Amino acid sequence: SNYRAAGHLDQWLKKRGIVALTGIDTRALTALIREKGMPNAVIAHAPDGVFDLDDLKRRAAAWSGLIGLDLAKDVTSGQSSVWRETPWVWNEGFGEQDKPSLHVVAIDYGVKRNILRLLAGLGAKVTVVPAKTGAEEILAMKPDGIFLSNGPGDPEATGDYAVPVIQDLLKTEIPVFGICLGHQMLALALGGRTAKMHQGHHGANHPVKDHTTGKVEIVSMNHGFAVDADSLPEGVEETHVSLFDGSNCGIALTGRPVFSVQHHPEASPGPQDSHYLFRRFVNLIREKRGEELLAERA
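Taking my numbering, I'd label the letters of the sequence shown as residues 41 to 338.
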(Lines of atoms letter the chains of each structure in order from A and count residues from 1; the text may use other names and numbers.)
(Lines give C-alpha, C1' and ligand atoms only; values in the text may rest on other atoms or scores of the structure.)
Protein backbone atom coordinates (compact mmCIF):
# COMPACT_ATOMS: atom_id res chain seq x y z
CA SER A 1 0.00 0.00 0.00
CA ASN A 2 1.10 3.58 -0.61
CA TYR A 3 -0.64 6.81 0.30
CA ARG A 4 0.19 8.13 -3.19
CA ALA A 5 -1.50 5.19 -4.95
CA ALA A 6 -4.20 6.07 -7.47
CA GLY A 7 -5.23 2.50 -8.28
CA HIS A 8 -4.77 -1.19 -7.49
CA LEU A 9 -1.23 -2.58 -7.77
CA ASP A 10 -2.43 -5.47 -9.96
CA GLN A 11 -3.88 -3.08 -12.54
CA TRP A 12 -0.85 -0.77 -12.36
CA LEU A 13 1.49 -3.67 -13.19
CA LYS A 14 -0.67 -4.99 -16.03
CA LYS A 15 -0.98 -1.54 -17.60
CA ARG A 16 2.82 -1.29 -17.76
CA GLY A 17 3.51 -4.88 -18.77
CA ILE A 18 5.46 -5.65 -15.60
CA VAL A 19 5.83 -9.28 -14.48
CA ALA A 20 4.97 -10.01 -10.84
CA LEU A 21 5.14 -13.21 -8.78
CA THR A 22 2.82 -14.19 -5.92
CA GLY A 23 2.49 -17.18 -3.64
CA ILE A 24 6.26 -17.52 -3.17
CA ASP A 25 7.80 -18.47 0.18
CA THR A 26 10.33 -15.64 0.09
CA ARG A 27 12.02 -16.68 3.33
CA ALA A 28 12.71 -20.16 1.96
CA LEU A 29 13.99 -18.66 -1.29
CA THR A 30 16.25 -16.28 0.64
CA ALA A 31 17.66 -19.18 2.68
CA LEU A 32 18.34 -21.14 -0.52
CA ILE A 33 20.23 -18.24 -2.11
CA ARG A 34 22.17 -17.58 1.09
CA GLU A 35 23.35 -21.19 1.30
CA LYS A 36 23.83 -22.08 -2.37
CA GLY A 37 24.31 -18.77 -4.14
CA MET A 38 22.17 -17.32 -6.91
CA PRO A 39 20.65 -20.06 -9.10
CA ASN A 40 19.53 -19.66 -12.70
CA ALA A 41 15.75 -19.34 -13.04
CA VAL A 42 12.98 -18.98 -15.61
CA ILE A 43 9.73 -17.05 -15.22
CA ALA A 44 7.04 -18.63 -17.40
CA HIS A 45 3.33 -18.00 -17.94
CA ALA A 46 0.74 -20.23 -19.57
CA PRO A 47 -2.97 -19.26 -19.69
CA ASP A 48 -3.98 -22.92 -19.27
CA GLY A 49 -1.52 -23.52 -16.44
CA VAL A 50 0.28 -26.30 -18.34
CA PHE A 51 4.08 -26.11 -18.48
CA ASP A 52 6.81 -28.24 -20.02
CA LEU A 53 8.97 -28.34 -16.89
CA ASP A 54 11.81 -30.24 -18.55
CA ASP A 55 12.07 -27.57 -21.26
CA LEU A 56 12.02 -24.78 -18.68
CA LYS A 57 14.77 -26.48 -16.68
CA ARG A 58 16.89 -26.79 -19.82
CA ARG A 59 16.41 -23.09 -20.57
CA ALA A 60 17.44 -22.12 -17.05
CA ALA A 61 20.50 -24.37 -17.13
CA ALA A 62 21.56 -22.99 -20.53
CA TRP A 63 21.65 -19.36 -19.40
CA SER A 64 25.25 -18.17 -19.24
CA GLY A 65 24.68 -15.67 -16.43
CA LEU A 66 25.53 -11.99 -16.09
CA ILE A 67 29.30 -12.25 -16.42
CA GLY A 68 30.36 -10.51 -19.62
CA LEU A 69 26.95 -8.95 -20.29
CA ASP A 70 26.80 -5.23 -21.08
CA LEU A 71 23.17 -4.50 -20.20
CA ALA A 72 23.63 -0.75 -19.81
CA LYS A 73 23.50 -0.36 -23.60
CA ASP A 74 19.97 -1.79 -23.55
CA VAL A 75 18.56 0.61 -20.95
CA THR A 76 20.47 3.85 -21.51
CA SER A 77 18.86 6.97 -22.98
CA GLY A 78 18.66 7.17 -26.76
CA GLN A 79 19.59 10.85 -26.75
CA SER A 80 20.56 13.66 -24.40
CA SER A 81 17.82 15.42 -22.44
CA VAL A 82 17.39 17.90 -19.59
CA TRP A 83 15.75 16.70 -16.37
CA ARG A 84 13.86 19.27 -14.26
CA GLU A 85 11.46 17.29 -12.05
CA THR A 86 12.10 17.62 -8.29
CA PRO A 87 11.11 15.25 -5.43
CA TRP A 88 7.51 14.54 -4.52
CA VAL A 89 6.10 16.69 -1.72
CA TRP A 90 3.02 15.84 0.34
CA ASN A 91 -0.16 17.45 -0.98
CA GLU A 92 1.75 19.09 -3.84
CA GLY A 93 3.18 16.30 -6.00
CA PHE A 94 6.38 16.60 -8.03
CA GLY A 95 7.90 20.02 -8.54
CA GLU A 96 10.07 21.53 -11.27
CA GLN A 97 13.50 23.14 -11.10
CA ASP A 98 13.11 26.33 -13.12
CA LYS A 99 15.95 28.33 -11.55
CA PRO A 100 18.99 26.03 -11.47
CA SER A 101 22.17 27.30 -9.88
CA LEU A 102 24.53 24.57 -11.13
CA HIS A 103 24.85 22.09 -14.00
CA VAL A 104 25.30 18.33 -13.55
CA VAL A 105 25.82 15.96 -16.48
CA ALA A 106 24.50 12.49 -15.62
CA ILE A 107 25.89 9.59 -17.66
CA ASP A 108 22.96 7.20 -17.96
CA TYR A 109 23.83 3.51 -17.53
CA GLY A 110 20.22 2.86 -16.41
CA VAL A 111 19.62 5.77 -14.05
CA LYS A 112 16.82 5.79 -11.48
CA ARG A 113 14.53 8.78 -11.72
CA ASN A 114 14.67 9.65 -8.03
CA ILE A 115 18.40 10.26 -8.33
CA LEU A 116 17.68 12.90 -10.96
CA ARG A 117 14.89 14.37 -8.82
CA LEU A 118 17.17 14.74 -5.81
CA LEU A 119 19.87 16.44 -7.86
CA ALA A 120 17.32 18.81 -9.38
CA GLY A 121 15.89 19.46 -5.93
CA LEU A 122 19.30 20.71 -4.79
CA GLY A 123 19.41 23.30 -7.54
CA ALA A 124 20.89 21.36 -10.44
CA LYS A 125 20.08 21.54 -14.09
CA VAL A 126 20.59 17.86 -14.93
CA THR A 127 21.60 16.93 -18.47
CA VAL A 128 21.17 13.19 -18.98
CA VAL A 129 23.43 11.71 -21.67
CA PRO A 130 23.64 8.21 -23.23
CA ALA A 131 26.16 5.75 -21.80
CA LYS A 132 28.48 5.94 -24.82
CA THR A 133 28.75 9.74 -24.87
CA GLY A 134 32.40 10.79 -25.23
CA ALA A 135 34.34 12.92 -22.75
CA GLU A 136 34.85 15.71 -25.27
CA GLU A 137 31.09 16.04 -25.81
CA ILE A 138 30.42 15.99 -22.07
CA LEU A 139 33.04 18.64 -21.32
CA ALA A 140 31.63 20.83 -24.11
CA MET A 141 28.45 21.04 -22.02
CA LYS A 142 30.50 22.83 -19.32
CA PRO A 143 29.26 20.79 -16.35
CA ASP A 144 29.89 21.83 -12.75
CA GLY A 145 29.63 18.19 -11.73
CA ILE A 146 29.51 14.75 -13.35
CA PHE A 147 27.29 11.93 -12.12
CA LEU A 148 27.90 8.24 -12.98
CA SER A 149 24.58 6.42 -12.70
CA ASN A 150 23.47 3.02 -11.54
CA GLY A 151 22.58 0.33 -14.06
CA PRO A 152 22.47 -3.43 -14.77
CA GLY A 153 25.02 -5.96 -15.98
CA ASP A 154 28.71 -6.74 -15.62
CA PRO A 155 30.70 -3.56 -14.94
CA GLU A 156 33.75 -4.86 -16.80
CA ALA A 157 31.65 -5.40 -19.95
CA THR A 158 30.20 -1.89 -19.82
CA GLY A 159 33.63 -0.62 -18.86
CA ASP A 160 34.99 -1.43 -22.32
CA TYR A 161 33.58 1.88 -23.54
CA ALA A 162 32.73 3.67 -20.28
CA VAL A 163 36.07 3.47 -18.44
CA PRO A 164 38.14 5.42 -21.03
CA VAL A 165 35.55 8.22 -20.91
CA ILE A 166 35.64 8.36 -17.12
CA GLN A 167 39.45 8.36 -17.13
CA ASP A 168 39.43 11.38 -19.44
CA LEU A 169 36.90 13.16 -17.22
CA LEU A 170 39.09 12.48 -14.18
CA LYS A 171 41.89 14.48 -15.81
CA THR A 172 39.83 17.59 -15.02
CA GLU A 173 39.03 19.00 -11.58
CA ILE A 174 35.25 18.59 -12.04
CA PRO A 175 33.57 16.88 -9.04
CA VAL A 176 32.41 13.31 -9.76
CA PHE A 177 29.81 11.21 -7.92
CA GLY A 178 28.88 7.61 -8.76
CA ILE A 179 26.20 5.22 -7.55
CA CYS A 180 26.04 1.39 -7.92
CA LEU A 181 27.27 0.56 -11.45
CA GLY A 182 28.70 4.08 -11.57
CA HIS A 183 30.64 3.26 -8.39
CA GLN A 184 32.05 0.13 -10.00
CA MET A 185 32.91 2.06 -13.17
CA LEU A 186 34.80 4.64 -11.15
CA ALA A 187 36.76 1.90 -9.37
CA LEU A 188 37.71 0.32 -12.70
CA ALA A 189 38.73 3.71 -14.10
CA LEU A 190 41.00 4.23 -11.09
CA GLY A 191 42.71 0.86 -11.58
CA GLY A 192 40.63 -1.38 -9.33
CA ARG A 193 38.81 -4.62 -10.14
CA THR A 194 35.27 -5.93 -9.77
CA ALA A 195 34.00 -9.48 -9.24
CA LYS A 196 30.73 -11.43 -9.32
CA MET A 197 29.36 -12.01 -5.82
CA HIS A 198 28.35 -15.44 -4.52
CA GLN A 199 25.28 -13.78 -3.07
CA GLY A 200 24.14 -10.44 -4.39
CA HIS A 201 22.91 -7.69 -2.10
CA HIS A 202 19.23 -6.96 -2.61
CA GLY A 203 16.83 -5.19 -0.26
CA ALA A 204 16.19 -2.04 1.75
CA ASN A 205 17.65 -3.05 5.12
CA HIS A 206 21.41 -3.32 4.62
CA PRO A 207 23.68 -1.85 7.32
CA VAL A 208 26.65 0.08 5.93
CA LYS A 209 29.36 1.91 7.86
CA ASP A 210 30.58 5.27 6.59
CA HIS A 211 34.23 5.49 7.62
CA THR A 212 34.23 9.24 6.94
CA THR A 213 31.71 9.85 9.74
CA GLY A 214 31.95 6.66 11.81
CA LYS A 215 28.19 6.25 11.53
CA VAL A 216 26.16 3.23 10.47
CA GLU A 217 23.39 3.74 7.93
CA ILE A 218 20.56 1.48 6.79
CA VAL A 219 20.55 1.53 3.00
CA SER A 220 18.93 0.02 -0.07
CA MET A 221 21.04 -2.27 -2.27
CA ASN A 222 20.57 -4.09 -5.56
CA HIS A 223 23.77 -5.50 -7.06
CA GLY A 224 25.40 -8.80 -7.95
CA PHE A 225 28.94 -7.48 -8.57
CA ALA A 226 31.23 -5.73 -6.12
CA VAL A 227 34.46 -3.75 -6.09
CA ASP A 228 37.46 -5.74 -4.84
CA ALA A 229 38.78 -3.48 -2.07
CA ASP A 230 42.18 -5.21 -2.12
CA SER A 231 42.62 -4.14 -5.75
CA LEU A 232 42.25 -0.42 -5.09
CA PRO A 233 45.48 1.46 -5.82
CA GLU A 234 47.23 3.93 -3.55
CA GLY A 235 45.33 7.19 -3.35
CA VAL A 236 41.91 5.54 -3.49
CA GLU A 237 40.29 5.34 -0.06
CA GLU A 238 37.63 2.82 0.97
CA THR A 239 34.90 4.96 2.57
CA HIS A 240 31.98 2.56 3.11
CA VAL A 241 31.71 -1.16 3.95
CA SER A 242 28.83 -3.60 4.31
CA LEU A 243 28.34 -4.78 7.87
CA PHE A 244 26.78 -7.99 6.55
CA ASP A 245 29.85 -9.33 4.75
CA GLY A 246 32.53 -6.62 4.82
CA SER A 247 32.33 -6.00 1.07
CA ASN A 248 33.21 -2.62 -0.38
CA CYS A 249 30.40 -0.06 -0.55
CA GLY A 250 32.21 3.20 -1.24
CA ILE A 251 35.44 4.86 -2.41
CA ALA A 252 36.93 8.33 -2.67
CA LEU A 253 39.95 9.72 -4.49
CA THR A 254 42.29 11.25 -1.92
CA GLY A 255 42.59 15.01 -2.25
CA ARG A 256 40.11 15.16 -5.15
CA PRO A 257 36.34 15.89 -5.32
CA VAL A 258 35.62 12.35 -6.53
CA PHE A 259 33.64 9.68 -4.67
CA SER A 260 31.09 6.91 -5.17
CA VAL A 261 28.94 4.40 -3.27
CA GLN A 262 27.64 0.93 -4.05
CA HIS A 263 24.25 1.40 -2.39
CA HIS A 264 21.28 3.52 -3.42
CA PRO A 265 21.04 6.69 -1.32
CA GLU A 266 18.07 7.86 -3.42
CA ALA A 267 15.94 4.83 -2.49
CA SER A 268 12.26 5.43 -3.14
CA PRO A 269 10.71 3.60 -1.46
CA GLY A 270 13.44 2.87 1.03
CA PRO A 271 15.58 4.32 3.83
CA GLN A 272 16.82 7.88 3.52
CA ASP A 273 19.86 7.62 5.81
CA SER A 274 22.22 8.37 2.92
CA HIS A 275 20.41 11.31 1.31
CA TYR A 276 23.24 13.50 2.62
CA LEU A 277 25.51 12.12 -0.10
CA PHE A 278 23.71 14.25 -2.68
CA ARG A 279 24.37 17.33 -0.56
CA ARG A 280 27.99 16.23 -0.20
CA PHE A 281 28.28 16.13 -3.99
CA VAL A 282 26.63 19.53 -4.43
CA ASN A 283 28.88 20.96 -1.72
CA LEU A 284 31.97 19.81 -3.61
CA ILE A 285 30.68 21.86 -6.54
CA ARG A 286 29.82 24.86 -4.37
CA GLU A 287 33.20 24.70 -2.61
CA LYS A 288 35.01 24.68 -5.95
CA ARG A 289 33.06 27.79 -6.94
CA GLY A 290 33.71 29.52 -3.61
CA GLU A 291 30.04 29.46 -2.58
CA GLU A 292 28.42 28.92 0.80
CA LEU A 293 27.97 25.22 1.61
CA LEU A 294 24.68 23.50 2.33
CA ALA A 295 24.09 21.78 5.67
CA GLU A 296 25.05 18.18 4.85
CA ARG A 297 22.04 16.84 6.71
CA ALA A 298 18.86 18.88 6.22
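Cβ atoms here follow ideal geometry from the backbone N, Cα and C, with glycine treated the same way.
All values derive from a computational prediction rather than experimental measurement.
A distance below 8 Å separates the beta carbons of glutamate 257 and serine 314. In the DSSP assignment, proline 195 falls within the unbroken alpha helix (DSSP H) covering 195-209. One Cα belongs to isoleucine 73, the other to arginine 99, and the distance between them is close to 19 Å. When secondary structure is reduced to three states using DSSP, threonine 66 falls in the helix class. The closest CA to that of glycine 222, considering only Val203, Glu136 and Ala180, is found on Val203.
In this structure, the straight-line span from the alpha carbon of proline 87 to that of alanine 45 is close to 29 Å. Nearest to leucine 188 by alpha-carbon distance, out of Gly161, Leu162 and Leu228, is Leu228.
Inside the region 212-276, DSSP marks whole alpha helix (DSSP H) runs of 4 or more residues at positions 221-229, from first to last along the chain.
Secondary structure note for glycine 133: it is in no alpha helix (DSSP H), and the uninterrupted beta strand (DSSP E) holding it is 133-136.
Taking lysine 172 as reference, the option from Leu111, Gln137 and Gly185 with the minimal CA-CA separation is Leu111. Shown here, lysine 152 sits in coil according to DSSP, grouped into three states, outside any helix or strand. Under the three-state reduction of DSSP, isoleucine 186 is assigned to strand.
Glycine 330 and leucine 53 have their C-alpha atoms some 47 Å from each other. Within its own chain, the residues whose Cβ lies closer than 8 Å to the Cβ of lysine 182, once the five positions on either side in sequence are excluded, are His143, listed in chain order.
For the pair asparagine 245 and cysteine 220, the CB atoms are not nearer than the 8 Å cut-off. Threonine 126 sits buried, since 16 or more C-beta atoms from the chains shown fall within 10 Å of its C-beta. Restricting attention to Lys249, Gly231 and His304, the CA atom closest to the CA of histidine 263 is found in His304.
Rounded to whole angstroms, the gap between the alpha carbons of phenylalanine 299 and alanine 146 is 15 Å. Two segments are said to touch when three or more pairs of C-beta atoms, one from each, lie closer than 8 Å; by this definition the region 106-123 touches the region 193-207. Counting C-beta pairs with one atom in each stretch, the region 282-293 and the region 248-257 have three or more that are closer than 8 Å, which means they touch. Secondary structure note for tryptophan 103: it is in no alpha helix (DSSP H), with a DSSP letter that is neither H nor E. In this model, methionine 225 and valine 322 are separated by some 21 Å (Cα to Cα).
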